[in-house]
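Enquirer: I have a structure I would like to understand better, so I am pasting it below and will then ask my questions one at a time.
Chains as they are written, first to last, in my numbering: chain A, 1 to 319; chain B, 320 to 638; chain C, 639 to 957; chain D, 958 to 1276.
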C-alpha cells in the first residue's frame, strides 16, 4: 500500500484531482498535424494509478484507448535493451548502443536537426525523435519482426492485447517529413544503418499503438521495480537498465520541460503528442494520465497539472 | 541511521571506495586556467558523508579546504531564494526570479554564449555560469553586502567560519573574460541590472570560498531535509524551494554529464572546477568528495567514481 | 579583343598560367564520396577563355569532359528564370522564387542544415545545395521534362550536344543522404512542393552533365552580355536577371571562400566538386578552368590559382 | 567624365533621384538605441557624387554633417592596412591581420556572438562589429594615438577638418553592452590583445566622427582609384589592398543585405546606423547618400533606393 498521508484515500484523491485538472484542458490545444490527432475529443480525461501489488485506481476515461505516440520511445528502448541483454557477451551492458545515442538532455526541441548536425549524427538521448530512430534501427537489426515484437512486449506488460490504429500509421507515414530529414541526416553520418523506410515503418507502428491509461500504468511499473514486471514476475530488463531508463525519463522525458517536471512532478515521466503521460515512482507505483490538449512545450496541459497535484498531495517525489 | 545493506559498515565502505577511486585521478587533469587551480595537488582525495542525525563519516583529505568554485552556485541560489522568501508577498515563490533564469538543462557547455543569445539573455538554469550571474545580480540588489551574506550562510551551514582565498579572487578577476562577455550580453538584453563589475565581484568571491569536504557534506543536508538544517533546526528555505534546488541539481548540476550522473550516481549533485562534488539524498544524507583532476566534462574524475560506487554499494538512488 | 595589357598575348599567358598553376594540384585532394569522382585523374588541367566575339583560347585538357556538378546550379537557376519570364505576368520578375530562396551568402558550409532549420526551410541562396533543390522544385513544376530541358539549355549554350554520366547519376542517387535530409526538411516547412524523389532526380541529373572547360567557357558568356548568348544572339534571360545571377555568383558562388574569391579573382565564379570553376567578366569573356584536386573549402586548388593569376596579370577585375 | 547614357545630365539625375527616393524614408525608422540617433531629423536627405577629376554633384542635405558610425569601419581598416604597409617586411601584405579577422560574409546579424563563439573568437570580416574591434585592436598597438590618427586620415581624405560628436561618444560608451560582450569573448580566445576599454575608446570615437555626404563621397574615391587619393595624388594604401577593401565592402558591407545590394546597386557600399551609405565604383566615382530612417536590415531605406536608381539609370554596375 502506498505511503501517502494516512488521512488521504487514493481513490477519492484521484477523483478530486480529476475535478481540478480536467478544466485546464481548455487552456491547451490538441495536436493537429494529422487528422487522427486533430479529431481527438479534447475533453477526454483519464487517470490511472497501479500499485506494485496490483491494486488499480482509475477515474474518467482511464479505459479509453489512445495512440501512445512518443510514450512508445520508453518501451522501444526497453525492447532494444532486452535484445542486447539476451545477445549477452560484451554487448550486454548496452555500451554499443550508448555510442550511437546519448543520455543527456538536449536543450533543443524534440525534433531539432541543429544539434544532430553539430554532434555528427549522434542524437542526445533516446526520448527525442532522432534518438528513437536510432533505437528503432537497433530493433530492425535485432528483431525478426520489430513491429510484432514491440506489440508483443506492450501486450504482455498491459495484460491485454495491444493493437495499432491503421489511420495513424497511414497519416504519420505521409507527413513525417522532418523525421525523414533526421533519418537521412543520421544516414549521411553513418549512424543509421538500415534503409530509412524500414526504420520509419517501425517508428510509425509503435507511435500508432492504442492503449488505455490503465494499461500504460500497469505497463510502466517494472521500471519502478528493478526491471521486474510485478504482474508476472518476469525480469523485463536488468535492474541497472531499468534504473537507467528511469533516469533518462526524468532528465529527458518531457521535452524542454523536463526540468520543470522534475520539480513539479518529481518522478520519471514520459509524454506523448496524443496527450498521454506515464510515470513511475521507485518501489511505489505506475501512473498514466490522458488529456489530449497540449501546452506550448508539447505536454498534456491537464495531464501535467494532475501529476503535479498527485505528487504534491500524496508526497510522491524523489527529492 | 542509513538504510543501506545491513552487512555494510559505512566507515569501512568509505575506506574501500577511497582505495578504489583515488587512483582514477591519474586519468584526469587539474584545471589550469588560473595558477591557484593549476598548482592543486592532484593526489588529494577527501570523502565525507554526514547523516541527518549528525553522524559524520570521513576519509582521506576530508578536512583540507579547497575553493568551492561552482558548488557555490547552489548556495548562492539558496541565498537568493531566502531573500525572496523573506521579502514575502507575491514574490515569495520566486516567480520573478524564474523569468530571469530557467530551470531546464542547457545541452551546451557551461559557459556557452550561443544559447544565451538565441534565448535573449535568459540563461537556461542557475547552475551554468550565466545563470549564476543572474542569481548574483539578485544578491547585489537584495543584500546589503552580498559577499558577506554568502560567507555568513556558508559558515552557519558548515558549523565553522568560512573564508575566501584572496589569490583565487585576484586571479579569477583578471582572467574571467568569458564571464564578462556573458554578463555584458545579458546587460545588452536588459536581464542583468546592476553594473557588471559589481556582479562579478560577488561571483568571484563565492567561487573563492574555501571549504572542506566535511563542511560541504554538512552544509548541503538541508536540501535533503525539506529545507531545514538538521544541525540547527533552522528553516533555511521552504520545503518546495529546497526540492526545486535539488531537482535543478539533478538535471543541471554536473554540466553536460547530468544525464550520466542521474544514472551512475542517482541523486542530486553539483560539481566545481577545483574537483569538489556535493550531493544530497532525500531524508538520508549529505555527501562531498574532493579530488582535483577533472574528466573531459569538467567533473572530478575520481570523485564521480567514488559517488558511483557509494550509490551502487549502499543502494543510494532515487530511481 | 580583350583590353588586357597590350604587351601580353593571351594564348601565351594561358600557357604560362597552366605551367604555374598545374603543380598546385598536388596540394589538393580529389573528392572521394563517390567512385566516379574518386577515380578522377588528379593531374588533369584544362583552361579555356572565350571572348565575346567568339575567339577561343584553350590550353591543356580543355576539351576533356568532366561532370559539371555544382556548376549546374547556375544554369538550373537560369532555366528557372527563363521559365518564369516566359510565364509572364506578375511572375516575370521572379519575385515568387525569391520568397522561396534568398540571395544572401550563407556563412555556413554548402550543405549545412542548421541555417535551413533556423530560417524555416528557406535556403540562403541558390548556389548551396538546399537552394538548388528549391530551384529544381520550380523546374519540376514548370517543365514537362526538367532533365531534358536542362540538357537542351546546356547543349545550346555549349554549341555541342551535352550528355550525362550514368555512373554519376547512379552513385549520387544512392549516397545523397544529406541532400535527402535537406529536401525532407524543406518539405516539412512546406517550401519543397513536389515529391522529394522527383526533385532529387532533376538534381542528380544536372550534376552528372558532362562538359569540357571550352564548352563551359562558351556557355557562361551570356551572363556577361546582358543575358544574350553572343554565339546565337538569343536572349537567354533578361539583362537584369543575368546581372542578378552574376551578383549571386560573386557573393555566393564559391562556398565559404566567396569573399576570398572576390578579392583574389575579382569577378563572378561558380565551382563544382569535380574541380571545375566557371567565371564571367562583364562585356569581356567567359572562362572555365578544370583541375580535380580541391582545397579545404571545396574549390579546385590549381583552378583557383589559375584564375587568380589570370585576373592579376590581365587586369580582369570588377574592383 | 562619367560614361553614363549621354542623354542624361548627372546633376538633373540626382535631383530626380532625390525627389523619388526621399519619400521612402517614411517607410523606415531611425535608430533609437541612443538619444543622439533617436533625435535625428528623419526627413534629412543628402546625396553627393564626386568624380575622379574632382567634379562634385550634390543635392539636398549633402553638406549637413552626421555621425558616420559603421562607415568608419572601412576607413579604420584602411588605416590599419596603411600602418601594416609602412611597417614593411613580411607583414606588408596584411597576412597577420587576416589570421585575426576573416574576409567572408557572416550570414548572421552584424552583432551576433554565435559565429564568434563557434569560430573561436575570429570574426568573419572587418565590416561587422566584432571584426571592427579587432581592427581597432591593431590600431591601439600600431598608432601612438589611434583616435587622432583616424580623424587625421578622415580630414585628409575629406579635404576639411573632421571632428567628433561628444554626445555620441558619451552615449555609445554607456550603452555598448553587446560590443563589450564581443570584445571580452574575443579576449577570452586571446584574439583581442589590448585592454577592452582601450579598444572600445577607439571604436566609439570613430563611430562618432561627423562628416557630410559630400566629404564622404570625396573620401572614398581612393578605393576606386588603385588606392590613390585623386585629390592629392597620395597613395593611401596599395592598389591590391584598395581592391581587397572594395571586395570586402561588396560582399560584407551592408550587413545581411549584401547580396541584395550586389544586385540592386551593383558596386561596393558600406552603410552606417545613422543612415549614411558610401559607395565606390572603380575608375568612376565616389558616392554618399544620407537619410536617417533604416529598413529592417539596418540600411538607410531611402538611401538604398537612391543608390539603386542611380546605378540603374546611369548604368553604374560591375556586373
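Where a beta carbon is used, it is the ideal one built from N, C-alpha and C, also for glycine.
Report the residue ranges of all alpha helix (DSSP H) runs contained in full by the stretch 515 to 579 of chain B; include only those spanning at least 4 residues, in chain order.
Expert: 515 to 526, 532 to 538, 558 to 571
Enquirer: Please compile the residues from chain A whose C-beta is within a distance smaller than 9 Å of the C-beta of residue 872(C).
Expert: The residue labelled residue 872(C) in the question sits at position 234 within the third chain. Near residue 872(C) there are no residues of chain A at all, since even the closest Cβ is about 40 Å away, more than 9 Å.
Enquirer: Kindly give me the distance between the Cβ atoms of residue 847(C) and residue 706(C), rounded to whole angstroms, as I take these residues to be in contact under 8 Å.
Expert: Here residue 847(C) refers to the residue found at position 209 of the third chain. Here residue 706(C) refers to the residue found at position 68 of the third chain. 5 Å between Cβ atoms; contact.
Enquirer: Should residue 1142(D) be flagged as near chain B, meaning a C-beta pair shorter than 8 Å?
Expert: Within the fourth chain, residue 1142(D) is the residue found at index 185, counting from 1. At least one chain B Cβ lies under 8 Å of residue 1142(D).
Enquirer: What are the start and end residues of the alpha helix (DSSP H) that includes residue 140(A)?
Expert: Here residue 140(A) is taken as the residue at index 140 of the first chain, counted from 1. Its alpha helix (DSSP H) spans residues 129 to 142.
Enquirer: May I ask you to report which of helix, strand or coil DSSP gives residue 368(B)?
Expert: Against the second chain, residue 368(B) aligns to sequence position 49. Note: residue 368(B) maps to strand in three-state DSSP.
Enquirer: Over what stretch of residues does the beta strand (DSSP E) that includes residue 1013(D) continue unbroken?
Expert: On the fourth chain, position 56 is the one that residue 1013(D) refers to. Counting along the chain, the beta strand (DSSP E) containing residue 1013(D) begins and ends at 1013 to 1017.
Enquirer: So which residues of chain A does residue 567(B) contact, with C-beta pairs closer than 9 Å?
Expert: Locating residue 567(B) in the second chain gives position 248, counting from the first residue. In chain order: 259, 262, 263.
Enquirer: Evaluate residue 647(C) with the Cβ neighbour count: other Cβ atoms within 10 Å of its Cβ, from every protein chain shown; 16 or more gives buried, anything less gives exposed.
Expert: Stepping through the third chain from its first residue, residue 647(C) is reached at position 9. That one is exposed.
Enquirer: Residue 928(C): which of 910(C), 788(C), 767(C) sits nearest, CA to CA?
Expert: Position 290 of the third chain holds residue 928(C). Per the Cα distances, 910(C).
Enquirer: Let me know if residue 989(D) comes out buried or exposed under the rule of 16 or more other beta-carbons within 10 Å of its beta-carbon.
Expert: Position 32 of the fourth chain, counting from 1, holds the residue named residue 989(D). The residue is exposed, with fewer than 16 neighbouring Cβ atoms inside 10 Å.
Enquirer: Need the endpoints of the alpha helix (DSSP H) that residue 271(A) sits in, please.
Expert: Locating residue 271(A) in the first chain gives position 271, counting from the first residue. DSSP places residue 271(A) outside any alpha helix (DSSP H); the residue lies instead in the beta strand (DSSP E), whose first and last residues are 269 to 271.
Enquirer: Give the residues from the stretch 272 to 302 of chain A that approach chain B closer than 8 Å (Cβ to any Cβ), ordered along the chain.
Expert: Of all residues in the stretch 272 to 302 of chain A, those with a C-beta nearer than 8 Å to a C-beta of chain B are 282, reading in chain order.
Enquirer: Just checking, does the stretch 858 to 870 of chain C make contact with the stretch 804 to 813 of chain C on the three C-beta pairs under 8 Å criterion?
Expert: no
Enquirer: Looking only at its own chain, which residues have a Cβ that is under 6 Å from the Cβ of residue 282(A), when we skip the five neighbours before and after it?
Expert: On the first chain, residue 282(A) is found 282 positions in, with the first residue counted as 1. Contacts found: 224.
Enquirer: When the Cβ atoms of the stretch 1088 to 1103 of chain D are set against those of the stretch 1036 to 1047 of chain D, are three or more pairs found closer than 8 Å?
Expert: yes
Enquirer: With a CB to CB cut of under 7 Å and the five nearest residues on each side skipped, what residues in its chain are close to residue 886(C)?
Expert: Locating residue 886(C) in the third chain gives position 248, counting from the first residue. Hits under 7 Å: 741, 763, 764, 765.
Enquirer: Is it true that the CB of residue 47(A) sits closer than 8 Å to the CB of residue 58(A)?
Expert: Counting from one through the first chain, the residue named residue 58(A) turns up at place 58. Counting from one through the first chain, the residue named residue 47(A) turns up at place 47. Yes, the Cβ-Cβ distance between residue 58(A) and residue 47(A) is below 8 Å.
Enquirer: For residue 319(A), which residues of its own chain have a beta-carbon under 7 Å away from its beta-carbon, when the five flanking residues on both sides are left out?
Expert: In the first chain, residue 319(A) corresponds to position 319, counting from 1. Sequence-distant partners of residue 319(A) (beyond 5 residues in either direction) whose C-beta falls short of 7 Å from its own C-beta, in its chain, are 266.
Enquirer: With 8 Å as the limit, tell me which residues of the stretch 1136 to 1169 of chain D have their beta carbon closer than that to any beta carbon of chain C; keep them in chain order.
Expert: For the stretch 1136 to 1169 of chain D, the set of residues with a beta-carbon nearer than 8 Å to any beta-carbon of chain C is empty.
Enquirer: Could you pull out every unbroken beta strand (DSSP E) segment of at least 3 residues lying fully inside the stretch 1034 to 1065 of chain D, listed in chain order?
Expert: none
Enquirer: Does any C-beta atom of chain B lie closer than 8 Å to the C-beta of residue 254(A)?
Expert: Walking along the first chain from the start, residue 254(A) turns up at place 254. Output row for residue 254(A): interface = no.
Enquirer: Assuming residue 1184(D) and residue 1172(D) make a contact with CB atoms under 8 Å, what is their CB distance in whole Å?
Expert: Residue mapping note: residue 1184(D) aligns to position 227 of the fourth chain, counting from 1. Residue mapping note: residue 1172(D) aligns to position 215 of the fourth chain, counting from 1. Actually they do not touch by this definition, with Cβ atoms about 19 Å apart.
Enquirer: Hey, quick one: how far does the beta strand (DSSP E) through residue 926(D) stretch, first residue to last?
Expert: Outside the modelled stretch of chain D, which goes from 958 to 1276, sits residue 926(D), for which no answer is possible.
Enquirer: Count the other C-beta atoms from every protein chain shown that fall within 10 angstroms of the C-beta of residue 251(A), then say buried if there are 16 or more, exposed otherwise.
Expert: Numbered from its first residue, the first chain carries residue 251(A) at position 251. The residue in question, residue 251(A), is buried, as its Cβ has 16 or more Cβ neighbours within 10 Å.
Enquirer: List the endpoints of the continuous alpha helix (DSSP H) containing residue 357(A).
Expert: One cannot answer for residue 357(A) here, as it falls past the ends of chain A, which runs 1 to 319.
Enquirer: Who are the neighbours of residue 746(C) on chain D, taking C-beta pairs under 7 Å?
Expert: Against the third chain, residue 746(C) aligns to sequence position 108. Going along chain D in sequence order, the residues near residue 746(C) (Cβ under 7 Å) are 1064.
Enquirer: Return the Cβ separation of residue 179(A) and residue 121(A) in integer angstroms, given the expectation that the two are a contact with Cβ distance under 8 Å.
Expert: In the first chain, the residue the question calls residue 179(A) occupies position 179. In the first chain, the residue the question calls residue 121(A) occupies position 121. That belief does not hold up - the Cβ atoms of residue 179(A) and residue 121(A) are roughly 14 Å apart, past 8 Å.
Enquirer: Helix, strand or coil for residue 348(B) per DSSP?
Expert: Locating residue 348(B) in the second chain gives position 29, where the first residue counts as 1. Note: residue 348(B) maps to strand in three-state DSSP.
Enquirer: Assign residue 298(A) to one of three DSSP states: helix, strand, or coil.
Expert: Here the question's residue 298(A) lines up with position 298 in the first chain. The answer is coil: DSSP assigns residue 298(A) none of H, G, I, E or B.
Enquirer: From this set, 982(D), 977(D), 972(D), which residue's C-alpha is nearest residue 1334(D)'s C-alpha?
Expert: Residue 1334(D) cannot be examined here, being either before or after the span of chain D that is shown, 958 to 1276.
Enquirer: Is the beta carbon of residue 849(C) less than 8 Å from the beta carbon of residue 796(C)?
Expert: Here residue 849(C) refers to the residue found at position 211 when the third chain is read from its first residue. Here residue 796(C) refers to the residue found at position 158 when the third chain is read from its first residue. Yes, these two residues count as a Cβ contact at 8 Å.
Enquirer: With 9 Å as the C-beta to C-beta threshold (strictly closer), list the residues of the stretch 42 to 58 of chain A near chain B in chain order.
Expert: Listed in sequence order: no entries.
Enquirer: Could you spell out the range, first to last residue, of the beta strand (DSSP E) harbouring residue 915(C)?
Expert: Reading the third chain from its first residue, position 277 is the one you call residue 915(C). Start and end: 914 to 919.
Enquirer: Measure from the alpha carbon of residue 1056(D) to the alpha carbon of each residue in 1256(D), 1036(D), 1091(D), then state which is nearest.
Expert: Position 99 of the fourth chain, counting from 1, holds the residue named residue 1056(D). Residue 1091(D) is the option with its Cα nearest to residue 1056(D).
Enquirer: Residues of the stretch 438 to 455 of chain B with a CB closer than 7 Å to any CB of chain D: list them in chain order, please.
Expert: So the list is empty, because no residue satisfies the distance condition.
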